[in-house]
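A.B. asks: Sending over a structure as structure tokens; questions will come in a sec.
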Ligand SMILES: Cc1cc2nc3c(=O)[nH]c(=O)nc-3n(C[C@H](O)[C@H](O)[C@H](O)COP(=O)(O)OP(=O)(O)OC[C@H]3O[C@@H](n4cnc5c(N)ncnc54)[C@H](O)[C@@H]3O)c2cc1C
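Numbering (our numbering), first residue to last: 321 to 780.
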């Protein structure tokens, strides 16, 4: 435990990736951290009802893994011991704008692991800390406050399915990590505070997911393909290797395959329609891998209506002793695989804020979290606005950046330096400014001129 432990008691509502990482952060500063979760915790590796996304492909970006490893040293090894796969950059392929990005050789390895195994292992490590405990199967109903509502002092909760079992816990700090359906805006309004402004981008993404047995000959041993949607259909998909279900045979692995589209375009929930959809993606490599593979799960649908950002950092007044965290602040279009990494980076930001004490904690934390969210939010929103049916303001900047990104992706089909720069930025390893460095811009234009001339030559 950190020497600076001066605060007594913190509560985190929600024990998904966001809540678990927030709790880990607080454990260095509070004598007791209590996580309250409405689900019963399953065994590690098993799904649970309140995070339905855990049945779908979940990629953990390099920055997210690095942060999680920093909080729980050795966790990567623990996960690979259970069959999770450390994948080198040459084993993952990205199909964008009509072609694969050039293979790159980067030190950053990706951890390919199912969402339930990752969450279960983080939970196990967190709850092994002496000053952290969890209350499961309990639903938080609302906040306790001082008489003048200037400070949150705890929560009211009930055991699920026992509505007359209401209890309270007092705390110096309460953190809402209840995800995108967070009640914080309503709770704040009830206490007489303004609600945060909300930004929404309606994408109406529909996913269909199925697991398959992975055979050594599949994709020549490579571990992942991401197919990004492009005009005219904007359909995309992902296939990622992950651990098998049988913990006795850690070398056994499976594929998790999610395919989908925008604005309600969904892969059918039956085998032949699902395969047809996979075949209709801009490349058929996912289809060829799964068409004869053995399915290991049913076909599972998911609908994601909109990316949603709540601007807590703009509120002038906010109760002391209260924070909002993770997807409850910002929930991204899942196609970009950013949510868990953002939660991990917010957890680091929270520690940095607590280093400076608890005065004005909410204002300082929301400002820091907003900085964490800015880049992935802009990246996701700009990219979604390429799809003509997605509604939103296409400013000159949006159109210019999307035009430039498509040129960059085309050039990166041939150019490893550009592919590396692009993937570093999308993995949050480098800032977006890397992509507009003069040397990069020069390569983008040179490659595109060369590409254009080659196309003209072949067409004459
Ligand atoms: C289909 C899909 C695919 C995704 N893929 C990726 C990916 O590839 N990579 C990535 O990084 N991210 C991905 N994400 C996002 C990622 O799942 C989230 O960012 C991540 O789970 C962090 O969210 P969270 O913990 O803040 O909220 P959530 O995961 O929504 O968890 C909220 C928790 O709060 C609990 N809770 C809610 N209300 C109460 C209450 N009143 N009392 C007690 N408990 C309560 C819930 O039971 C739940 O456990 C994906 C999301 C979706 C929807």
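We put the CB at the ideal spot given by N, CA and C, even for glycine.
So within the segment 561 to 636, which uninterrupted beta strand (DSSP E) runs reach at least 3 residues, ignoring any that extend past its ends?
C.D. replies: Runs of the beta strand (DSSP E) inside the segment 561 to 636: 573 to 581 and 620 to 630.
A.B. asks: Rounded to whole angstroms, how far is the Cβ of residue 391 from the Cβ of residue 443, which I believe are closer than 8 Å?
C.D. replies: So it is not a contact: roughly 13 Å between Cβ atoms.
A.B. asks: Measure the alpha-carbon distance for residue 339 versus residue 667 and round it to whole angstroms.
C.D. replies: When rounded, the distance between both Cα atoms is 9 Å.
A.B. asks: Under a Cβ-count criterion, where at least 16 other Cβ atoms within 10 Å of its own Cβ denotes burial, should residue 658 be classed as buried or exposed?
C.D. replies: It counts as buried.
A.B. asks: Would you check if the distance between the CB atom of residue 403 and the CB atom of residue 564 is smaller than 8 Å?
C.D. replies: Yes, they are a contact pair.
A.B. asks: Under 7 Å Cβ to Cβ from residue 450, same chain only, skipping five residues before and after it: list those, please.
C.D. replies: Once the five neighbours on either side are set aside, residue 450 has no close Cβ partner at all.
A.B. asks: Between residue 365 and residue 433, what straight-line distance do the alpha-carbon atoms span, to the nearest angstrom?
C.D. replies: About 10 Å.
A.B. asks: Give the C-beta separation of residue 601 and residue 557 to the nearest angstrom, bearing in mind that I take them to be a contact with Cβ-Cβ under 8 Å.
C.D. replies: Contact flag correct, Cβ pair sits at about 5 Å.
A.B. asks: Measuring from the CB of residue 357, is there a heavy atom of ligand 1 at a distance below 7 Å?
C.D. replies: Checking the Cβ of residue 357 against ligand 1 gives yes.
A.B. asks: From the DSSP secondary-structure annotation, give me the bridge partner or partners of residue 520.
C.D. replies: 628, per the DSSP bridge assignment.
A.B. asks: In angstroms with no decimal places, state the Cα-to-Cα distance between residue 693 and residue 650.
C.D. replies: Going by the C-alpha atoms only, they are around 7 Å apart.
A.B. asks: For residue 465, which option in 439, 482 and 510 has the closest C-alpha, if you only look at C-alpha atoms?
C.D. replies: Per the Cα distances, 510.
A.B. asks: Shortest alpha-carbon distance to residue 489 belongs to which of 698, 330 and 717?
C.D. replies: Closest option to residue 489, Cα to Cα, is 330.
A.B. asks: Is residue 337 helix, strand or coil when you go by DSSP?
C.D. replies: If DSSP states are grouped into helix, strand and coil, residue 337 belongs with the helices.
A.B. asks: Return the Cβ separation of residue 614 and residue 532 in integer angstroms, given the expectation that the two are a contact with Cβ distance under 8 Å.
C.D. replies: Their Cβ separation, rounded to whole angstroms, is 6 Å, which keeps residue 614 and residue 532 in contact under 8 Å.
A.B. asks: Would DSSP call residue 351 helix, strand or coil?
C.D. replies: Residue state, collapsed to three classes: strand.
A.B. asks: Who are residue 533's beta bridge partners in DSSP?
C.D. replies: 574.
A.B. asks: Across the segment 352 to 361 and the segment 514 to 522, are there enough close Cβ pairs to call them in contact, namely three or more that are closer than 8 Å?
C.D. replies: The segment 352 to 361 vs the segment 514 to 522: no contact.
A.B. asks: Any idea if residue 520 is buried or exposed, counting beta-carbon neighbours within 10 angstroms, 16 or more meaning buried?
C.D. replies: Result: exposed.
A.B. asks: Please report the distance separating the alpha-carbon of residue 629 from that of residue 544.
C.D. replies: About 29 Å.
A.B. asks: If I follow the unbroken beta strand (DSSP E) through residue 462, where does it start and stop?
C.D. replies: Run containing residue 462: 458 to 465, per the beta strand (DSSP E) assignment.
A.B. asks: With a 10 Å radius around its C-beta and 16 neighbouring C-beta atoms as the bar for buried, classify residue 482 as buried or exposed.
C.D. replies: Exposed is the call here.
A.B. asks: Compute every distance between the C-beta of residue 460 and the non-hydrogen atoms of ligand 1, then say whether any falls below 7 Å.
C.D. replies: Yes, Cβ of residue 460 sits closer than 7 Å to a heavy atom of ligand 1.
A.B. asks: How would you write the range of the alpha helix (DSSP H) that residue 443 sits in, first residue to last?
C.D. replies: Segment 435 to 447, the alpha helix (DSSP H) holding residue 443.
A.B. asks: Using a threshold of 7 Å, is the CB atom of residue 407 nearer than that to any non-hydrogen atom of ligand 1?
C.D. replies: No, since every heavy atom of ligand 1 falls outside the 7 Å radius drawn around the Cβ of residue 407.
A.B. asks: Report the residue from 592, 653, 685 and 707 whose alpha carbon sits nearest the alpha carbon of residue 645.
C.D. replies: The residue with the shortest Cα to Cα distance from residue 645 is 685.
A.B. asks: Give the C-beta separation of residue 387 and residue 670 to the nearest angstrom, bearing in mind that I take them to be a contact with Cβ-Cβ under 8 Å.
C.D. replies: The Cβ separation is near 12 Å, so there is no contact.
A.B. asks: Please indicate yes or no: does the CB of residue 624 lie closer than 7 Å to some heavy atom of ligand 1?
C.D. replies: Under cutoff, so the answer is yes.
A.B. asks: Along the chain, where does the alpha helix (DSSP H) containing residue 724 start, and where does it finish?
C.D. replies: It spans 716 to 732 - the alpha helix (DSSP H) in which residue 724 sits, taken as one unbroken run.
A.B. asks: Under 8 Å by Cβ, that's how I've got residue 473 and residue 641 pegged, so tell me the actual separation to the nearest angstrom.
C.D. replies: Right, the Cβ-Cβ distance comes to about 7 Å (below 8 Å), so this counts as a contact.
A.B. asks: Round the Cβ separation of residue 430 and residue 412 to the nearest angstrom and send it over; I've been treating them as touching at under 8 Å.
C.D. replies: Contact flag correct, Cβ pair sits at about 6 Å.
A.B. asks: So, are the CB atoms of residue 598 and residue 341 less than 8 Å apart?
C.D. replies: No, they are not a contact pair.
A.B. asks: For residue 729, is the classification buried or exposed, using 16 other Cβ atoms within 10 angstroms of its Cβ as the cut-off for buried?
C.D. replies: Classification of residue 729: buried, given that the 10 Å Cβ count is 16 or more.
A.B. asks: Which stretch, first to last residue, makes up the beta strand (DSSP E) that contains residue 473?
C.D. replies: From DSSP, the beta strand (DSSP E) with residue 473 extends over 472 to 479.
A.B. asks: Which of helix, strand or coil does DSSP assign to residue 675?
C.D. replies: The answer is helix: DSSP assigns residue 675 an H, G or I state.
A.B. asks: Going by beta-carbon coordinates alone, are residue 438 and residue 399 separated by less than 8 Å?
C.D. replies: Yes. Within cutoff.
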